[in-house]
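Student: One structure follows; several queries about it will come next.
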Amino acid sequence: MKILAIDDQKLILLSVEKRLSELGYEVKTANSIETGIRLFDSFKPDLVLLDMNMPEMCGTELVSCTGTEVVKYIRVFMRNDTPILVMSGNTDEALIMKNFDLGVNDYMKKPVSLDEMAARIKRIIGAPENKAGTTTTISDTRMLQKNCVGVVIPCYNEETRLSSEEFKNFAHKNLGYHLCFVNDGSTDNTMAVLQKLQKENPSNISIYNCEQNGGKAEAVRQGILNLVKDEQFDYIGFLDADLSTDFRDFDDLVKTIEQSDFKIVSGSRISRMGANITKESARKVISMTINFIIQTILGMPFKDTQCGAKVMDREVASKMFNKKFVTKWLFDVELFMRMKKYFGKTEVKSMICEQPLKRWIHADGSKLSMKDSVKIVGQLAQIAVHYR
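Here it is, written out as structure tokens:
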């Protein structure tokens with residue numbers, strides 16, 4: 001049995017193709033409407049698995065298209081009754097009903113598990129005949145996300161702190177997330193640890209290697225600029241390698257930006273809304289003092305700009321990270337200053353959301369010493385002058 005999968009996001013297509021091939025289906029994929037229609041004519045599939053939101057090129061501009069064009073081609077132009085299963089993050093009820101009126105057989109809303117996708121396909125066209133060499137995989141609830149998200153994880157001498165199992169498990173189960181580890185000129189075995197991690201998840205994990213140590217700000221900037229080149233990512237964010245903010249909270253940040261008009265959603269470690277936060281007392285006093293100075297410089301009521309967990313839309317990522325930052329550590333403050341300067345103080349307040357983290361643990365081995373914390377005050381003055 002033959003299945004044609006059409007989706008503009010390669011991360012999704014790779015996972016779908018692998019799963020369905022393991023189950024014994026013959027699969028071809030297309031990442032555009034035009035390619036999908038051509039393959040439909042030549043491949044003659046038994047089922048079409050289709051996404052709704054697929055931007056297409058019109059001249060030099062990306063325009064918003066929907067998979068409805070594929071449905072119209074198959075049902076109206078070709079008058080063909082090949083089963084069509086829509087799997088999309090588009091939850092517009094009018095669009096869903098329009099596609100049912102045109103003759104789609106089923107509509108799955110992302111996020112959705114590979115198991116559910118396979119079960120619905122089997123219900124519509126049946127299971128393929130057993131073939132020699134076909135393997136059956138154990139269900140482990142791997143989820144296809146609503147959007148594709150690129151996550152930058154800066155690493156400098158993180159050999160002993162990298163929680164490889166947590167990163168590996170997250171990349172394996174959350175299809176649609178891509179983890180980009182930036183090796184910031186490490187002098188220990190960080191690169192070897194990252195290479196082993198990537199080998200086990202080649203489609204969901206990549207490494208961007210900086211030959212020389214440039215500091216966290218430049219490592220994050222280089223990683224984000226690398227991800228911006230890939231048009232499949234709807235959102236791009238960054239996360240600390242020690243996972244002081246864990247993936248459950250980061251996923252909550254992504255859900256917030258998906259369901260809102262915010263351009264940036266930033267984690268906040270400030271204890272509120274029942275959040276469970278643990279910190280060293282001395283660092284807490286210094287942190288509160290620095291945060292007060294930052295709020296004064298920004299002139300905006302953000303309480304924890306320095307939390308190492310943020311997600312933003314790709315437009316902000318491409319525009320706000322195109323130039324080097326003035327400081328090595330306080331690029332989060334500079335990011336907000338750049339947003340304020342670019343969009344205006346009034347507008348930017350409605351574009352940035354601070355979201356309390358449910359969990360945050362201070363990890364031992366921080367690269368930022370108490371002496372460095374004192375230097376931060378001077379760097380804040382530098383930022384204030386630079387973005388005046």
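So in UniProt numbering, the last spot in the sequence shown is 388, and the numbers never skip.
Ideal Cβ positions, reconstructed from N, Cα and C, are used throughout, including at glycine.
1. For a test of the three-state rule: what should DSSP assign to Gln-382, helix, strand or coil?
2. In chain order, what residues of the same chain lie with their CB nearer than 6 Å to the CB of Glu-26, ignoring the 5 residues before and after it?
3. Quick one: residues in its chain with C-beta nearer than 6 Å to the C-beta of Ala-217, no 5 flanking neighbours on either side, listed in chain order?
4. Helix, strand or coil for Ile-236, going by three-state DSSP, please let me know.
5. Between Phe-343 and Met-337, what straight-line distance do the alpha-carbon atoms span, to the nearest angstrom?
6. Residues in its own chain within less than 6 Å of Asn-209 by CB, not counting five upstream and five downstream?
7. Give the straight-line distance between the Cα atoms of Met-117 and Val-70, rounded to the nearest whole angstrom.
8. Since Phe-181 is in the beta strand (DSSP E), which residue starts that stretch and which ends it?
9. I need the straight-line Cα distance from Pro-83 to Pro-128, nearest angstrom please.
10. Considering Lys-199, what are the terminal residues of the alpha helix (DSSP H) in which it resides?
11. Measure the CB-CB distance between Lys-263 and Val-316 and report whether it falls below 7 Å.
12. Please report how far the alpha carbon of Ile-236 lies from the alpha carbon of Arg-388, in whole angstroms.
13. From the DSSP output, which residues share a beta bridge with Ser-206?
14. Suppose the cutoff is 6 Å on Cβ atoms and the five residues either side in sequence are ignored; what does the same chain contact list for Ser-186 look like?
15. With DSSP as the reference, label Lys-109 as helix, strand or coil.
16. Could you say which of Asp-313, Lys-375 and Gly-378 lies nearest to Met-351 if we only look at CA atoms?
17. When we look at the beta-carbon of Asn-322 and count the other beta-carbons within 10 Å, is it buried (16 or more) or exposed?
18. Output the distance between the C-alpha atoms of His-172 and Glu-165, rounded to the nearest integer angstrom.
19. For Glu-200, which residues in the same chain have their Cβ closer than 7 Å to its Cβ, ignoring the five residues on either side in sequence?
20. Which of the three DSSP states is assigned to Asn-53 in this structure?
21. Using 8 Å for Cβ pairs, my map puts Asp-46 next to Ile-125. What's the rounded Cβ distance?
22. For chain D, find out if any of its Cβ atoms is closer than 7 Å to the Cβ of Val-228; answer yes or no.
Tutor: A quick look at the data gives this:
1. Within the sequence shown, residue 382 is the residue found at index 382, counting from 1. Helix, per DSSP.
2. Looking up residue 26 in the sequence shown gives position 26. Only Lys-2 meet the Cβ criterion.
3. Working through the sequence shown from its first residue, we reach residue 217 at position 217. These residues qualify, in order along the chain: Phe-325, Lys-328 and Phe-331.
4. Within the sequence shown, numbered from 1, the residue matching residue 236 stands at position 236. Three-state DSSP puts Ile-236 in a strand.
5. Position 343 of the sequence shown holds residue 343. Position 337 of the sequence shown holds residue 337. If you take the alpha carbons of Phe-343 and Met-337, they lie about 10 Å apart.
6. Translated into positions along the sequence shown, residue 209 becomes position 209. Around Asn-209: Asn-183.
7. Position 117 of the sequence shown, counted from the start, is the residue given in the question as residue 117. Position 70 of the sequence shown, counted from the start, is the residue given in the question as residue 70. Roughly 20 Å between the two C-alpha positions.
8. One-based indexing of the sequence shown puts residue 181 at position 181. Judged by DSSP secondary structure, Phe-181 falls within the beta strand (DSSP E) whose first and last residues are 174 to 184.
9. Position 83 of the sequence shown holds residue 83. Position 128 of the sequence shown holds residue 128. Straight-line Cα distance between these residues: approximately 15 Å.
10. As a first step, residue 199 must be located in the sequence shown, where it is residue number 199. Run containing Lys-199: 190 to 200, per the alpha helix (DSSP H) assignment.
11. Taking the first residue of the sequence shown as 1, we reach residue 263 at position 263. Taking the first residue of the sequence shown as 1, we reach residue 316 at position 316. For Lys-263 and Val-316, yes; Cβs fall inside 7 Å.
12. Reading the sequence shown from its first residue, position 236 is the one you call residue 236. Reading the sequence shown from its first residue, position 388 is the one you call residue 388. Their Cα atoms are separated by approximately 28 Å.
13. As a working note, residue 206 is residue 206 in the sequence shown. Answer is Cys-180.
14. Reading the sequence shown from its first residue, position 186 is the one you call residue 186. Once the five neighbours on either side are set aside, the close Cβ partners of Ser-186 are Tyr-156 and Asn-157.
15. Here the question's residue 109 lines up with position 109 in the sequence shown. If DSSP states are grouped into helix, strand and coil, Lys-109 belongs with the strands.
16. Numbered from 1 along the sequence shown, position 351 holds the residue referred to as residue 351. Ranking Asp-313, Lys-375 and Gly-378 by Cα distance to Met-351 puts Asp-313 first.
17. Your numbering for residue 322 matches position 322 in the sequence shown. The residue is exposed, with fewer than 16 neighbouring Cβ atoms inside 10 Å.
18. Walking along the sequence shown from the start, residue 172 turns up at place 172. Walking along the sequence shown from the start, residue 165 turns up at place 165. The alpha-carbon atoms of His-172 and Glu-165 are separated by roughly 10 Å.
19. One-based indexing of the sequence shown puts residue 200 at position 200. Lys-168.
20. In the sequence shown, the residue the question calls residue 53 occupies position 53. Three-state result, Asn-53: strand.
21. Reading the sequence shown from its first residue, position 46 is the one you call residue 46. Reading the sequence shown from its first residue, position 125 is the one you call residue 125. Right, their Cβ atoms sit about 5 Å apart.
22. Chain labels in this structure do not include chain D; a single protein chain is all it has.
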